[in-house]
Amino acid sequence: MLVRLLYASRAVDTTVEAIDAILSQSRQSNPACGITGILCYGGGIFLQAIEGGRMAVSDLFGHIQKD
């Protein structure tokens, strides 16, 4: 079953390098897990929609919450 999760979070490190690293990691890891979606950033806030299988989305969001 395809599920979609939308969340917003505040960035701790707002340097260009940190934001680029997050985007790069997402682009590398998410497709291998069957995850698609969008990651937006502005004004110190991330907005992300992640979609995929229920377990893949749940596992990814659990990892995101620990960051």
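Counting in my numbering, the sequence shown runs from -15 upward without gaps. Don't be surprised by glycine CBs; every beta carbon is placed ideally from N, CA and C. Predicted model, so just to flag it, every value in this text is computed and none were measured.
Looking at the secondary structure, which residues open and close the beta strand (DSSP E) in which residue i lies?
{"i": "Ala40", "result": "Where Ala40 is concerned, there is no enclosing beta strand (DSSP E), although the alpha helix (DSSP H) it sits in stretches over 38 to 50."}
{"i": "Val(-13)", "result": "-14 to -6"}
{"i": "Ile22", "result": "20 to 26"}
By Cβ distance below 8 Å, which residues in the same chain neighbour residue i in space, the five residues on each side in sequence not counted?
{"i": "Gly37", "result": "Met(-15), Leu(-14), Val(-13), Gly18"}
Can you list, in chain order, the residues of its chain whose CB lies under 7 Å from that of residue i, leaving out five sequence neighbours each side?
{"i": "Leu23", "result": "Leu7, Ser10, Phe30, Gln32"}
I need the straight-line Cα distance from residue i to residue j, nearest angstrom please.
{"i": "Ile3", "j": "Gly26", "result": "10 Å"}
{"i": "Pro15", "j": "Leu(-10)", "result": "18 Å"}
If the criterion is Cβ atoms closer than 8 Å, does the pair residue i and residue j meet it?
{"i": "Thr(-2)", "j": "Gly46", "result": "no"}
Which same chain residues, not among the five before or five after residue i, have their C-beta less than 6 Å away from its C-beta?
{"i": "Gly21", "result": "Ala33, Ile34, Glu35"}
Between which two residues does the alpha helix (DSSP H) containing residue i stretch?
{"i": "Asp4", "result": "0 to 13"}
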